[in-house]
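**Q**
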Amino acid sequence: MTRTDKWEHLKCRVSSFRNNYTVIPGLYAIGNPDADSDVIVTANYKYSFDIVRTALKGLNPWVLVLDTKGINVWCAAGKGTFGTEELVKQINITSLKQVVNHKRVIVPQLGAVGVSGYKVSKATGFNVYFGPVRAEDIRSFIETGYKAGSDMRTIQFPIVERIILTPMEINPALKKFPLFALIVFLIFGLQPNGILFKDAFQVGLPFLVLGLVAILSGAFMTPVLLPLIPFRSFAVKGWILGMATTFVVIQTTTILEDENTLLFVLAYIFFPMFSSYWALQFTGSTTYTSMAGVKKEMKIAIPVYIGSLAATAILAILYKLNQWGVL
Amino acid sequence: MKYLLEVATLELISERCKGCGTCVEVCPHGVLAMDNKKAIIIDRDMCMECGACMNNCSFGALQVNKGVGCAAAIMNSMIYGGQPSCDCSGDSKNTNCC
Numbered sequence: 006m007t008r009t010d011k012w013e014h015l016k017c018r019v020s021s022f023r024n025n026y027t028v029i030p031g032l033y034a035i036g037n038p039d040a041d042s043d044v045i046v047t048a049n050y051k052y053s054f055d056i057v058r059t060a061l062k063g064l065n066p067w068v069l070v071l072d073t074k075g076i077n078v079w080c081a082a083g084k085g086t087f088g089t090e091e092l093v094k095q096i097n098i099t100s101l102k103q104v105v106n107h108k109r110v111i112v113p114q115l116g117a118v119g120v121s122g123y124k125v126s127k128a129t130g131f132n133v134y135f136g137p138v139r140a141e142d143i144r145s146f147i148e149t150g151y152k153a154g155s156d157m158r159t160i161q162f163p164i165v166e167r168i169i170l171t172p173m174e175i176n177p178a179l180k181k182f183p184l185f186a187l188i189v190f191l192i193f194g195l196q197p198n199g200i201l202f203k204d205a206f207q208v209g210l211p212f213l214v215l216g217l218v219a220i221l222s223g224a225f226m227t228p229v230l231l232p233l234i235p236f237r238s239f240a241v242k243g244w245i246l247g248m249a250t251t252f253v254v255i256q257t258t259t260i261l262e263d264e265n266t267l268l269f270v271l272a273y274i275f276f277p278m279f280s281s282y283w284a285l286q287f288t289g290s291t292t293y294t295s296m297a298g299v300k301k302e303m304k305i306a307i308p309v310y311i312g313s314l315a316a317t318a319i320l321a322i323l324y325k326l327n328q329w330g331v332l
Numbered sequence: 046m047k048y049l050l051e052v053a054t055l056e057l058i059s060e061r062c063k064g065c066g067t068c069v070e071v072c073p074h075g076v077l078a079m080d081n082k083k084a085i086i087i088d089r090d091m092c093m094e095c096g097a098c099m100n101n102c103s104f105g106a107l108q109v110n111k112g113v114g115c116a117a118a119i120m121n122s123m124i125y126g127g128q129p130s131c132d133c134s135g136d137s138k139n140t141n142c143c
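Chain order of the listed sequences is A and B.
Per our numbering, residue 6 is the first one in the first sequence, and the count goes up by one each step.
Per our numbering, residue 46 is the first one in the second sequence, and the count goes up by one each step.
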């Protein structure tokens, strides 16, 4: 892999660059494979392809790339694009039968969500060998006669992986930050006779800081500290951390020092909820949350979010009415 | 790490199992194991409902309400209908999820 590849991989982790990072589907030779060489199946996301070809260096295998619209194996398998039909299609298009004189195709284990081994075998005569979860284990999988121990078969979610995934959580959250800022400035700046920018900044700025901290608390700190935060629910984990960070920020700075009690209550209702929301979004990046579980969380979380937003709105209105001397 | 308890929809119909062991092989969370030439569920709470076992059981012995454990996907399906999925793929307008 060149430096350009590595730079592109970094971009895949932080931006939507990854949505258009593909290789052309088909059969690739890594090194000098022959008719006895193994066939390893992967997705046409270039990042996935690069990891696979790096892991296979020196083994001289064939790599069969499926058309997954540039999506990695697991996500594409969930959607079905990395699936039985596409694998059968590529085996036929590439005339794999003429290329190799054996009947083995090695499919990454996480592709099993989309690839049905017995159906591929019925349709093509090729037998699907489910390889290890991680590309780095393919070599030892092949060398031990296509056997994978449970360590190669189970997926972990260590801190490094959780950190790697956070930029793509923080990035979309920050994209919505200008809208949040606008609302905050409008609320604090609005006066009966127009918008007062001095007020908007004086009270608004601390709220922007709290908002930023809440986003980081939900989209970064919660994923990183995941197993250390009590409770299993992501919404609850995010809320706890949001409460803690809001408290720390308010206590250790002069933010909201001279302000109204209404604003204190508002801050403690809104920001932990805001953090909780971003933490709940992280369920989509994890390797262990189930649909039934997330649905159960949402059944409780969404009404709580709506209630918190309503309470926040009421408190903001009361604060303004109070400020304008109406109350 | 373990997610919420007692929610996963995975079911094993033991009478249909022929003991091939493929489900044990494809499960990424060690939910299944072989016991006396039959598959058994040893830790249902680890199940993330990916559907790999069901998809690879030619005897129909495994049933699971397969889906993605992703809040954004579930929210989208509640708003726009359809099954929750990582459907943002290949759609340049929606770059927010998986």
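We put the CB at the ideal spot given by N, CA and C, even for glycine.
Computed from a prediction, not measured in an experiment: that's the story for all the values here.
I need the straight-line Cα distance from residue 18/A to residue 171/A, nearest angstrom please.
**A** 9 Å
**Q** Where are the alpha helix (DSSP H) runs, 4 residues long or more, that stay fully inside the segment 152-234 of chain A, in chain order?
**A** 155-158, 164-170, 172-180, 182-194, 202-221 and 227-230
**Q** Taking only beta carbons into account, state which residues of the segment 153-175 of chain A come closer than 9 Å to chain B, listed in chain order.
**A** 153, 155, 158, 159, 160, 161, 162 and 173
**Q** When the cut-off is 9 Å and only beta carbons count, does residue 308/A lie next to chain B?
**A** no
**Q** To which residues does DSSP link residue 45/A through a beta bridge?
**A** 68/A and 111/A
**Q** Compute the Euclidean distance between the alpha carbons of residue 266/A and residue 136/A, then round it to the nearest angstrom.
**A** 60 Å
**Q** List the whole-angstrom C-beta distance separating residue 71/A from residue 48/A, where the pair is believed to meet the contact cut-off of C-beta under 8 Å.
**A** 6 Å
**Q** Closest to residue 276/A by CA distance: which of 229/A, 303/A, 298/A and 213/A is it?
**A** 213/A
**Q** Would you report the Cα separation of residue 60/B and residue 85/B, rounded to the nearest angstrom?
**A** 11 Å
**Q** Apart from the five residues on each side of it in sequence, which residues of its chain come closer than 6 Å, Cβ to Cβ, to residue 38/A?
**A** 65, 66 and 67
**Q** Whole angstroms are fine: how far does the CA of residue 285/A sit from the CA of residue 130/A?
**A** If I take the Cα positions, the gap works out to 44 Å.
**Q** Does DSSP put residue 135/A in a helix, in a strand, or in coil?
**A** strand
**Q** Tell me whether residue 164/A is buried or exposed, calling it buried when 16 or more other Cβ atoms sit within 10 Å of its Cβ.
**A** exposed
**Q** Would residue 53/B pass as an interface residue toward chain A - the criterion being a Cβ-Cβ separation below 9 Å?
**A** yes
**Q** Give the interface partners of residue 237/A over in chain B, defined as CB-CB distance under 9 Å, in chain order.
**A** Chain B residues near residue 237/A: 46, 47, 48, 49 and 50.
**Q** Could you work out which residues of chain B lie near residue 140/A, taking near to mean beta carbons separated by less than 9 Å?
**A** Per Cβ cutoff of 9 Å: no residues; residue 140/A is ~15 Å from chain B at best.
**Q** Examine the ligand SAH and report whether any of its heavy atoms sits within less than 8 Å of the Cβ of residue 326/A.
**A** Ligands in the displayed structure: none, and consequently the ligand SAH is not present.
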